[in-house]
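In this text, residue positions in the sequence shown follow the numbering used here: the first is 22, and each later residue adds one. Glycine is no exception: its CB is placed at the ideal position from the N, C-alpha and C atoms. These numbers come from a predicted model, not from an experiment. Written below as structure tokens is the structure these notes are about.
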Amino acid sequence: MKSHLRLTTLALLILAEINLFAQVSAERQWPSYRGYMSSGVLDKAGLPEKFDFSTGENIKWKINVPGLGLSSPVIWGDRLFITTAVSTADLKGISIGMGSGVMPVKDSSMHEWKVICLDKNNGKKLWEKTSYKGIPAMKRHPKSTHANSSVATDGKYVVAFFGSEGLYCYDMNGNLKWQKNYGLLKSVFFSMHNAEWEFASSPVIYNNVVIVQCDVLENSFVAAYDVSTGKELWKTNRDEYPGWCTPNIYLYQEKPYVVLNGYKNRAGFDFATGKEIWRMSGGGDIQIPTPILGKDVIYFTSGHGSVSPVMAIRNSARGDITLKNDDKSNEYVKWFNPRAGSYMHTLLLYNGLLYSLEWNGMLRCIDPETGNEVYNAKLGKADSFVASPVASDGRIFIVGEHGIVYIIGDGRTYRLLSEIPMNEISLVAPAITEGMIFFRTQGNLYCVSEKK
Numbered sequence: 022m023k024s025h026l027r028l029t030t031l032a033l034l035i036l037a038e039i040n041l042f043a044q045v046s047a048e049r050q051w052p053s054y055r056g057y058m059s060s061g062v063l064d065k066a067g068l069p070e071k072f073d074f075s076t077g078e079n080i081k082w083k084i085n086v087p088g089l090g091l092s093s094p095v096i097w098g099d100r101l102f103i104t105t106a107v108s109t110a111d112l113k114g115i116s117i118g119m120g121s122g123v124m125p126v127k128d129s130s131m132h133e134w135k136v137i138c139l140d141k142n143n144g145k146k147l148w149e150k151t152s153y154k155g156i157p158a159m160k161r162h163p164k165s166t167h168a169n170s171s172v173a174t175d176g177k178y179v180v181a182f183f184g185s186e187g188l189y190c191y192d193m194n195g196n197l198k199w200q201k202n203y204g205l206l207k208s209v210f211f212s213m214h215n216a217e218w219e220f221a222s223s224p225v226i227y228n229n230v231v232i233v234q235c236d237v238l239e240n241s242f243v244a245a246y247d248v249s250t251g252k253e254l255w256k257t258n259r260d261e262y263p264g265w266c267t268p269n270i271y272l273y274q275e276k277p278y279v280v281l282n283g284y285k286n287r288a289g290f291d292f293a294t295g296k297e298i299w300r301m302s303g304g305g306d307i308q309i310p311t312p313i314l315g316k317d318v319i320y321f322t323s324g325h326g327s328v329s330p331v332m333a334i335r336n337s338a339r340g341d342i343t344l345k346n347d348d349k350s351n352e353y354v355k356w357f358n359p360r361a362g363s364y365m366h367t368l369l370l371y372n373g374l375l376y377s378l379e380w381n382g383m384l385r386c387i388d389p390e391t392g393n394e395v396y397n398a399k400l401g402k403a404d405s406f407v408a409s410p411v412a413s414d415g416r417i418f419i420v421g422e423h424g425i426v427y428i429i430g431d432g433r434t435y436r437l438l439s440e441i442p443m444n445e446i447s448l449v450a451p452a453i454t455e456g457m458i459f460f461r462t463q464g465n466l467y468c469v470s471e472k473k
């Protein structure tokens, strides 16, 4: 009888832990790429005013991360998740600057694709799982890795997407629940098919459903799966150039929709059925940034080719809303600014202003109601930028490729508050949680927090 009671008590404790993970407010977590709904914002976080990587001031912990990965940290409760691809032969590292070209790294060595779970408070590894082991199906761009996609979590499950190497779902303790193999996903430059650049779209989880966006050379699609079982709920084919965008979810009249960035098909889909609701073509022809959400509008940017627009699309959009000729708006396009956009970076909407960052460090502050520029400023004398900005409590954090953290004040006037060197290559957007901000470099992960 006592043994039975002990087992029952243990089962209840495990169930309580699972429920605790699930009950934590998603809005206060960092559950996927760039946080809740990819907003890049967590206010009232209580981040330290000062920190220094050379002296260790307010550097709570630092750990080495093996292999190469550009996935941003994802956080739920006390658990932090990152991915990496480990090889003893792929040692070229990540190129920085704007002169790396388009051809991939010549490497065909054995890799291990890993999901790593850490205690965010001390950096202690809680579990590590090897999702796949083999020779990469696709080569990587010199500025890319074989583990670019951030995981998504809802506090019950953790979903990692490694492109051609598969989609994997774990529970919070690292037990594999299900997996899917899509075969070869050709993430290449659309006009130069031997320019292999690797996969980078991150999954998202909403209302117990996983959404994945696969814009590749052949057979592009967007699909939805039951997060607990992996059952396919719907799959919609897309006529689209290869892209590296993460999807998002928006609401219209309290009903959810999936929204995707794109060149041929920037589009919204019914969350329940996958039916296309609206579409729009045009913009940069190598789409990378994630759509972000405003009040009754969705903001998009893209920046490769003849234009680099930022645009605001009303969430009531229906049908083909593509602009005609030189129009800057229509019934569903609130405004279209053709030259304020970004090739690599997801926009930041913060405290009533929209921020767009270019690869060369040009930062544009835009009025989100009109699309008009409020100011522009240049970050860094000779730095280049891939990581998207994040914000907390009136400060915007921008990481340069040379490993400098630029902190600017929000508002209608440019204010550079500080430049903090990490002295390590970094192409990864930071992640924010209560009292902590995390920075990932080519080889390490740092936790910045007030030391107690």
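Review point. Is it right to say Phe460 is buried, meaning 16 or more other beta carbons lie within 10 angstroms of its own, or is it exposed?
Key: What you label residue 460 is simply residue 439 of the sequence shown in a count that begins at 1. Phe460 is buried by the Cβ-count criterion.
Point to revise | Close beta carbons around Asn381, own chain, < 7 Å, minus the five adjacent residues each side | key: Along the sequence shown, one-based indexing puts residue 381 at 360. The residues are Ser405.
Practice item. Can you grab the Cα-Cα spacing for the pair Lys355 / Arg335, in whole Å? Key: Within the sequence shown, residue 355 is the residue found at index 334, counting from 1. Within the sequence shown, residue 335 is the residue found at index 314, counting from 1. If I take the Cα positions, the gap works out to 6 Å.
Practice item. Would you tell me roughly how many angstroms separate the C-alpha atoms of Gly184 and Val209, rounded to the nearest one? Key: Counted from its first residue, the sequence shown places residue 184 at position 163. Counted from its first residue, the sequence shown places residue 209 at position 188. If you take the alpha carbons of Gly184 and Val209, they lie about 12 Å apart.
Check your understanding: If you drop the 5 nearest sequence neighbours on each side, which residues of the same chain put their C-beta closer than 7 Å to that of Val123?
Key -> For this step, residue 123 is matched to residue 102 along the sequence shown. Phe210, Met213 and Ala216.
Check your understanding: Should Phe406 be listed as close to the ligand ADP, given that the test is whether its C-beta is under 7 Å from any heavy atom?
Key -> The model depicted lacks the ligand ADP and carries no ligand whatsoever.
Practice item. Can you tell me the Cβ-Cβ gap for Pro389 and Leu370, rounded? I've got them flagged as a contact below 8 Å. Key: By one-based count along the sequence shown, residue 389 stands at place 368. By one-based count along the sequence shown, residue 370 stands at place 349. Indeed they touch by this definition, with Cβ atoms about 6 Å apart.
Exercise for review: State the start and end residues of the unbroken beta strand (DSSP E) segment that holds Val233.
Suggested key: Here residue 233 corresponds to residue number 212 of the sequence shown, with the count starting at 1. Counting along the chain, the beta strand (DSSP E) containing Val233 begins and ends at Val230 to Cys235.
Practice item. Give me whichever residues DSSP pairs with Thr322 in a beta bridge. Key: For this step, residue 322 is matched to residue 301 along the sequence shown. Thr322 is bridged to Val331.
Review point. Exposed or buried, Pro330, counting other C-beta atoms within 10 Å across all chains shown (16 or more means buried)?
Key: For the purposes of this step, residue 330 is taken as the residue at position 309 of the sequence shown. When all chains shown are included, Pro330 counts as buried.
Practice item. Taking 8 Å as the cut-off, decide whether the C-beta atoms of Gly340 and Trp299 are in contact. Key: Residue mapping note: residue 340 aligns to position 319 of the sequence shown, counting from 1. Residue mapping note: residue 299 aligns to position 278 of the sequence shown, counting from 1. Result yes, Cβ atoms of Gly340 and Trp299 sit closer than 8 Å.
Check your understanding: Where does Glu217 fall in DSSP's three states?
Key -> Translated into the one-based positions of the sequence shown, residue 217 becomes position 196. Glu217 falls in the strand class under three-state DSSP.
Review point. By how many angstroms is the C-alpha of Asn286 removed from the C-alpha of His423?
Key: On the sequence shown, position 402 is the one that residue 423 refers to. On the sequence shown, position 265 is the one that residue 286 refers to. Approximately 34 Å, taken between the alpha carbons.
Review point. My guess is that Phe418 and Pro451 are in contact by the Cβ rule of under 8 Å, so how many angstroms apart are they, rounded?
Key: The residue you call residue 418 lines up with position 397 of the sequence shown. The residue you call residue 451 lines up with position 430 of the sequence shown. Yes, Phe418 and Pro451 are in contact; Cβ-Cβ is about 5 Å, under 8 Å.
Practice item. Starting from the C-beta of Lys349, find all residues in its chain whose C-beta is less than 7 Å away, skip the five residues before and the five after it, and write them out in chain order. Key: Against the sequence shown, residue 349 aligns to sequence position 328. Excluding sequence neighbours, Lys349 sits near Trp356 and Phe357.
Point to revise | First through last residue of the beta strand (DSSP E) which encompasses Lys83 | key: As a working mapping, residue 83 is identified with position 62 in the sequence shown. Counting along the chain, the beta strand (DSSP E) containing Lys83 begins and ends at Ile80 to Asn85.
Check your understanding: Between which two residues does the beta strand (DSSP E) harbouring Arg259 extend?
Key -> Stepping through the sequence shown from its first residue, residue 259 is reached at position 238. Looking at the DSSP string, the run of the beta strand (DSSP E) that includes Arg259 is Glu253 to Arg259.
Point to revise | Cβ shell of Val420 (< 6 Å), same chain only, five flanking positions each side left out | key: The residue given as residue 420 occupies position 399 in the sequence shown. These residues qualify, in order along the chain: Ala408, Val426 and Ser447.
Review point. Going along the chain, which unbroken runs of the beta strand (DSSP E) with 3 or more residues stay wholly within the stretch 255 to 324?
Key: 269 to 273, 276 to 281, 287 to 291, 297 to 301 and 318 to 322
Review point. Within this structure, are the beta carbons of Met457 and Lys141 separated by less than 8 Å?
Key: Stepping through the sequence shown from its first residue, residue 457 is reached at position 436. Stepping through the sequence shown from its first residue, residue 141 is reached at position 120. Contact flag set, yes.
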